[in-house]
Amino acid sequence: MNNLLILPIAFPLFIGMLLIIFRKNIWLHRLLSPVACIFPGTVALILMNQIKDSGIQTLQLGGWQAPYGISLVADMFAAILLFVTSIVALCCLLYAFHSIGKEREKYYFYPLILFLITGVNGAFLTGDLFNLYVFFEVFLVSSYVLITLGGTRNQLRESLKYIMINVISSAFFLVGVAYLYAVTGTLNFAHLSVRVAEAGQNGLITTISFLFLIVFSLKAGLFLFYWLPGSYSVPPGAIAAIFAALLTKVGIYAIFRMFTLIFYHQPQVTHMGIGILAALTMILGAMGAVGYRDLKKILTYNVIISVGFILIGLVAFTEQSLLGSIYYLIHDMIIKALVFLIGATIIGLTGTSKLKDMSGLIRTHPALGWMFFIAVLSMVGIPPLSGFLGKLYITKGAFAASYFWLGGFGLLASIFILYSLIKVFMDVFWGETVMSEDEEKGTTKGVMLPIVLLTGISLALGLGAEGIHEYVLIAAKGLLDPNQYIFAVLDKGGI
Numbered sequence: 120m121n122n123l124l125i126l127p128i129a130f131p132l133f134i135g136m137l138l139i140i141f142r143k144n145i146w147l148h149r150l151l152s153p154v155a156c157i158f159p160g161t162v163a164l165i166l167m168n169q170i171k172d173s174g175i176q177t178l179q180l181g182g183w184q185a186p187y188g189i190s191l192v193a194d195m196f197a198a199i200l201l202f203v204t205s206i207v208a209l210c211c212l213l214y215a216f217h218s219i220g221k222e223r224e225k226y227y228f229y230p231l232i233l234f235l236i237t238g239v240n241g242a243f244l245t246g247d248l249f250n251l252y253v254f255f256e257v258f259l260v261s262s263y264v265l266i267t268l269g270g271t272r273n274q275l276r277e278s279l280k281y282i283m284i285n286v287i288s289s290a291f292f293l294v295g296v297a298y299l300y301a302v303t304g305t306l307n308f309a310h311l312s313v314r315v316a317e318a319g320q321n322g323l324i325t326t327i328s329f330l331f332l333i334v335f336s337l338k339a340g341l342f343l344f345y346w347l348p349g350s351y352s353v354p355p356g357a358i359a360a361i362f363a364a365l366l367t368k369v370g371i372y373a374i375f376r377m378f379t380l381i382f383y384h385q386p387q388v389t390h391m392g393i394g395i396l397a398a399l400t401m402i403l404g405a406m407g408a409v410g411y412r413d414l415k416k417i418l419t420y421n422v423i424i425s426v427g428f429i430l431i432g433l434v435a436f437t438e439q440s441l442l443g444s445i446y447y448l449i450h451d452m453i454i455k456a457l458v459f460l461i462g463a464t465i466i467g468l469t470g471t472s473k474l475k476d477m478s479g480l481i482r483t484h485p486a487l488g489w490m491f492f493i494a495v496l497s498m499v500g501i502p503p504l505s506g507f508l509g510k511l512y513i514t515k516g517a518f519a520a521s522y523f524w525l526g527g528f529g530l531l532a533s534i535f536i537l538y539s540l541i542k543v544f545m546d547v548f549w550g551e552t553v554m555s556e557d558e559e560k561g562t563t564k565g566v567m568l569p570i571v572l573l574t575g576i577s578l579a580l581g582l583g584a585e586g587i588h589e590y591v592l593i594a595a596k597g598l599l600d601p602n603q604y605i606f607a608v609l610d611k612g613g614i
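If you number the sequence shown the way my numbering does, the last residue is 614 and the count never jumps.
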């Protein structure tokens, strides 16, 4: 047992509760919030090396052995996402220091962000289905408040849609939990894997798996994404960035966990269903990205495209395709935070999100423009940037598994990503300068540091991909072999 596993959950939760008590001491909030992001990232880094050397790490809370107690489990996949979450959260907090406004800071902005991070970290580390539901609700309740923080008309309108959809999906989640427990008699992930394998994935269990697919598709923005473009467009930039980088990724993580560990026995049914949804998601997301001339909408539809693309790797279900999905998932968390922060900065400078009202910013803000251009090339998958390796492995894996149509949709989606974002670059940064620095509505003072950090991390991820290859490969092999997870949690693989 490894007691480190509780720290990424307990530490930000404790700091968040502490900051509620000292509500008026904003300097204390600004001091402790980054620490609450850095510490879980440090723990995640230690866990990654422990997993590499000793295998999957577990913690049975209260000393109750699995499957009877509450299990926390860190395999390499979860540990990597835990580490990237800390990086993204830290950069978004640094951006918020200079952009969120004193009014929002007074109304518990920093504690809410830390509670959201607690829920995300818990979802990655939990070893049972009911606590996955609990941690989903922790970060969702925080996001309900964050999306309305400020109380503008647009925020309140979109928050109703966001909250309603997530409440409905959470209700379906509980129904799925109840059905699965009735059929198998357990909710521990490892024990569920054993029980489903022993019973065989019959029609009833496959039906339950599709119920979970609907739930996590709603939360990830897989096909059922109609709530996402509006909801991610209305919060302030720092909040929108952390939503785009983290929240949909927890849904993706849940789909990977459920359909590689529990519901993997009939891939011709379950995984084909995911493949069809992924293709439709990329097509519809691409249509939205190229159809709008509003910066916020273009960026949010690109979030949707990436959800479909990442899941191609799960559908192909080969070592190569899963390797690509993990690489691309890491890249996408970093790059979505980056483009949303750049987008928020552009809107802050110009006072609008309409492309027709922007032009020529490259002359007054060249660093911002070229960092956006690097992010665009990375999202498209131009070598040697961070998006390239993930796209290469996913596409090769899809073709090797004879999913030529799905790999083709992925390549086509890349063209639409290029078109939609080059359109932004040309309209916003190129052309005649229509606004002098004196006429700008905002400033880049203080907000460039997190943007530069994320750009540097993205470049390092592309140029130094070999440095993390061993970790990503271990994660991919772990997803392909459920027995590693089962043996780590249940000691001998069964009860």
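Idealized CB from N, CA, C, for every residue including glycine.
Status (buried if at least 16 other CB within 10 Å, exposed otherwise) for residue i
| i | result |
| --- | --- |
| phenylalanine 141 | exposed |
| isoleucine 534 | exposed |
| alanine 568 | It is worth fixing the name first, because residue 568 is leucine in this sequence and not alanine. Classification for leucine 568: exposed. |
| leucine 124 | buried |
| asparagine 240 | buried |
| arginine 314 | buried |
| threonine 204 | buried |
| valine 286 | exposed |
| serine 577 | buried |
| asparagine 122 | exposed |
| serine 173 | exposed |
| histidine 484 | buried |
| lysine 455 | buried |
| threonine 305 | buried |
| glycine 516 | buried |
| methionine 477 | buried |
| valine 154 | exposed |
| tyrosine 512 | buried |
| leucine 323 | exposed |
| glutamine 387 | exposed |
Beta-carbon proximity list for residue i, same chain, < 6 Å, skipping 5 on both sides
| i | result |
| --- | --- |
| glycine 561 | Gly467 and Leu468 |
| glycine 506 | His450, Ser497, Met498 and Gly500 |
| isoleucine 614 | Low per-residue confidence applies at isoleucine 614: pLDDT is 45, beneath 50, and the placement is therefore not dependable enough to give any value. |
| threonine 552 | Gly479 and Arg482 |
| arginine 412 | Leu474 |
Among the options, the one whose alpha carbon lies nearest that of residue i
| i | options | result |
| --- | --- | --- |
| valine 591 | Met167, Thr552, Phe130 and Gly427 | Met167 |
| alanine 163 | Pro127, Phe308, Leu399 and Thr552 | Pro127 |
| glycine 575 | Val409, Ile453 and Met406 | Ile453 |
| aspartate 610 | Leu178, Asn144 and Lys143 | Leu178 |
| glycine 509 | Ser478, Glu585 and Phe228 | Glu585 |
| glutamate 224 | Trp146, Phe335, Gly443 and Ile402 | Trp146 |
| threonine 563 | Glu589, Phe528 and Gly462 | Gly462 |
| valine 409 | Leu457, Val353 and Leu474 | Leu474 |
| leucine 441 | Ala519, Gln387, Met477 and Leu480 | Ala519 |
| tyrosine 245 | Ala198, Gly443 and Leu150 | Contrary to the premise, residue 245 reads as threonine rather than tyrosine in this sequence. That would be Ala198, whose Cα lies nearest to the Cα of threonine 245. |
| threonine 325 | His588, Leu138 and Thr389 | Thr389 |
Chain-order list of residues whose beta-carbon lies under 8 Å from that of residue i (same chain, five-residue window excluded)
| i | result |
| --- | --- |
| threonine 267 | Gln274, Leu275 and Ser278 |
| glycine 597 | Ile175, Asp194, Met195, Phe196, Gln603 and Tyr604 |
| glycine 612 | With a pLDDT of only 42 at glycine 612, under 50, the local geometry of the prediction cannot be trusted, and no value is derived from it. |
| glycine 188 | Gln179, Leu180, Gly181 and Gly182 |
| serine 555 | Thr483 |
| phenylalanine 344 | Thr400, Leu403, Gly404, Ile423 and Val426 |
| alanine 242 | Leu251, Phe254, Phe255, Phe258, Val369, Tyr372 and Ala373 |
| tryptophan 549 | Ser478, Gly479 and Ile481 |
| valine 264 | Tyr227 and Leu231 |
| alanine 102 | Residue numbering for the chain in the displayed model covers 120 to 614; residue 102 lies beyond these limits and cannot be assessed. |
Chain-order list of residues whose beta-carbon lies under 7 Å from that of residue i (same chain, five-residue window excluded)
| i | result |
| --- | --- |
| isoleucine 284 | Leu337 and Trp346 |
| valine 566 | Tyr214, His217, Ser218 and Thr464 |
| leucine 380 | Phe308, Ser312, Pro601 and Tyr604 |
| phenylalanine 291 | Leu330, Ile333 and Val334 |
| arginine 149 | Phe216 |
| leucine 209 | Pro153, Cys156 and Ile157 |
Can you find at least 3 beta carbon pairs, one from the segment 541-550 and one from the segment 490-506, that sit closer than 8 Å?
-> The segment 541-550, when compared against the segment 490-506, does touch it at the 8 Å Cβ threshold.
Just list the beta strand (DSSP E) runs in the segment 150-203, keeping only unbroken ones of 3 residues or longer that don't cross its boundaries, in chain order.
-> Runs of the beta strand (DSSP E) inside the segment 150-203: 176-179 and 190-193.
Say whether the segment 362-379 touches the segment 446-465, bearing in mind that this needs 3 or more beta-carbon pairs closer than 8 Å, one atom from each stretch.
-> With the cut-off at 8 Å, the segment 362-379 and the segment 446-465 touch.
Does the segment 239-253 touch the segment 288-300, meaning 3 or more C-beta pairs lie closer than 8 Å?
-> The answer is yes - the segment 239-253 touches the segment 288-300, with three or more Cβ pairs under 8 Å.
Could you say if the segment 345-361 and the segment 311-328 meet the contact criterion of at least three C-beta pairs nearer than 8 Å?
-> Short answer: they don't touch.
Flag this pair as touching only if the segment 415-424 and the segment 511-528 have three or more C-beta atom pairs under 8 Å; answer yes or no.
-> As far as the Cβ criterion goes, the segment 415-424 does not touch the segment 511-528, which means the pair count is below three.
Can you give, in chain order, each stretch of the beta strand (DSSP E) that sits fully within the segment 379-456 and has at least 3 residues?
-> None, since the segment 379-456 contains no complete beta strand (DSSP E) of that length.
Check whether the segment 423-436 touches the segment 374-391, counting contact only when three or more Cβ pairs, one atom from each stretch, lie closer than 8 Å.
-> The answer is yes - the segment 374-391 touches the segment 423-436, with three or more Cβ pairs under 8 Å.
Could you say if the segment 227-240 and the segment 256-266 meet the contact criterion of at least three C-beta pairs nearer than 8 Å?
-> Touching, yes, given that three or more Cβ pairs across the two stretches are closer than 8 Å.
Do three or more CB pairs link the segment 396-409 to the segment 469-484 at distances below 8 Å?
-> The answer is no - the segment 469-484 does not touch the segment 396-409, with fewer than three Cβ pairs under 8 Å.
Jot down the residue ranges of each uninterrupted alpha helix (DSSP H) in the segment 206-231, minimum 4 residues, whole runs only, in chain order.
-> Secondary structure in the segment 206-231: the alpha helix (DSSP H) runs of 4 residues or longer, each lying completely within the stretch, are 221-225 in chain order.
Unbroken stretches of the alpha helix (DSSP H), 4 residues or longer, contained in the segment 294-357 = 308-318, 322-339 and 347-350, all fully within the segment 294-357.
Within the segment 534-612, ranges of the beta strand (DSSP E) (whole runs, at least 3 residues) | Here no run is fully enclosed.
Can you list, in chain order, the stretches of the alpha helix (DSSP H) that have 4 or more residues and sit fully within the segment 482-535?
-> Qualifying alpha helix (DSSP H) stretches, in chain order: 485-499 and 505-519.
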